[in-house]
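> Got a structure for you, questions after.
In our numbering, the protein residues as written are 53 to 395.
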């Protein structure tokens, strides 16, 4: 249990570090009007907070900065709710005052405007990506050397994919492969298809077909289905403006991951409504270990249909980010309900 003095010092350090990105020393804290303790007293408390895991020390400075544990405690117990400025509220309300016409444009604009307002990377997961499921797979041979794969979704979307039948793959293996696909993949959301094929289908094909490599090669080619573009990402350049991101290799890995809808979408799909904050290693993906992800769900009526998220350094302005996301998701939910009622 932290003392009141430790709570105050931890809060001041987090608030100051969010603003400056510089390690905070005891003298700087002592100058704050709300503190009223001597630098020596503050140094002792900072040492205790470091020992407890709430602060960490950099090699190049005598000051301290928050650890992941410190940020988590701050977010859960110390963060003051923030009221957006009148201009910020006005801009958000003005955007949603226009009649929604194209759903895709709303998702894309939401990502763009939020990234501009917050200066973080914004991700918007559209309503359909998890609802669209595979309904049926057919493979129709055109001749001895080629065939066409027909993939039907539960929304009625039909995808045709022509491919070459591997030399030496017999009709029996072709039929077994199709049967396995229909048995295991029907009802699976499209976003999970690739993962299911690699983790489960590959083993079954190896078990039940005589020429595993040929059958799997055919499968990979036949099921190159185009996922609906329902993940919108904006503000990648904002990351480059943050002092934490001077490692080009890390940025490359992060940006590459942002191109993978299959990897990002599950992070944004929340089973619970509301706003959630994931700090550093809580994200459980190495590329996000130094980042924080804040997600907020939006609904159509009582149905949760999508997620808006902000991605930035662990040194985020959490209070402002949460306030932005909550207002945006509230307005989007209202507009989406009106749009669906009319259509």
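All residues carry an ideal CB built from backbone N, CA and C; glycine is no exception.
(1) Might you give, ordered along the chain, the residues of its own chain that have their beta carbon closer than 6 Å to the beta carbon of residue 214, omitting 5 neighbours on each side?
(2) Smallest Cα separation from residue 311: which of 84, 288, 149 and 238?
(3) Within the same chain, show all residues whose beta-carbon is closer than 7 Å to that of residue 85, passing over the 5 residues directly before and after it, in chain order.
(4) Please confirm whether residue 303 and residue 292 have their CB atoms less than 9 Å apart.
(5) Taking the Cβ atom as the reference point for each residue, do residue 170 and residue 362 lie within a distance shorter than 9 Å?
(6) Using CA atoms only, rank isn't needed, just tell me which of 93, 81, 64 and 118 is closest to residue 332.
(7) What residues match up with residue 420 in a beta bridge as DSSP calls it?
(8) To the nearest angstrom, how far is the alpha carbon of residue 96 from that of residue 80?
(9) Leaving out five residues before and five after residue 94 in sequence, what residues of the same chain have Cβ atoms less than 8 Å from its Cβ?
(10) Jot down the residue ranges of each uninterrupted beta strand (DSSP E) in the segment 218-279, minimum 3 residues, whole runs only, in chain order.
(11) What are the boundary residues of the beta strand (DSSP E) that includes residue 184?
(12) Secondary structure at residue 163, three-state DSSP: helix, strand or coil?
(13) For residue 274 and residue 203, what's the separation of their Cα atoms in angstroms?
(14) Where in the segment 327-355 do unbroken runs of the beta strand (DSSP E), each at least 3 residues long, occur, reported from the N-terminal end onward?
(15) Can you pull the DSSP bridge partners for residue 108?
(16) Measure from the alpha carbon of residue 121 to the alpha carbon of each residue in 140, 114, 142 and 104, then state which is nearest.
(17) Measure the C-alpha to C-alpha separation of residue 140 and residue 373 and round it to an integer number of angstroms.
(18) Are the CB atoms of residue 237 and residue 270 nearer to each other than 9 Å?
(19) When the distance is taken between beta carbons, is residue 319 closer than 9 Å to residue 335?
(20) Considering Cα atoms alone, identify which of 149, 90 and 132 is closest to residue 390.
(21) Name the residue from 370, 294 and 385 whose alpha carbon lies nearest to the alpha carbon of residue 128.
(22) Do you know whose CA, among 126, 101 and 185, lies nearest residue 209's CA?
(23) What residues in its chain sit with their C-beta under 7 Å from that of residue 381, if we drop five residues either side in the sequence?
(24) Would you kindly work out how many angstroms separate the C-alpha atoms of residue 385 and residue 329, rounded to a whole number?
(25) Tell me whether the beta-carbon of residue 257 lies closer than 9 Å to the beta-carbon of residue 232.
(26) Compare the beta carbon distance of residue 286 and residue 387 with 9 Å and say whether it is the shorter of the two.
Result, derived from the coordinates:
(1) 200
(2) 288
(3) none
(4) yes
(5) yes
(6) 118
(7) This structure does not reach residue 420, given that the chain is present from 53 up to 395, and the question cannot be answered.
(8) 15 Å
(9) 61, 78, 81, 82 and 87
(10) none
(11) Taken as a continuous stretch (DSSP letters only), residue 184 belongs to no beta strand (DSSP E), as it is neither H nor E.
(12) helix
(13) 9 Å
(14) 327-331 and 343-352
(15) 117
(16) 104
(17) 12 Å
(18) no
(19) yes
(20) 149
(21) 370
(22) 185
(23) 348, 349, 350 and 360
(24) 20 Å
(25) yes
(26) no
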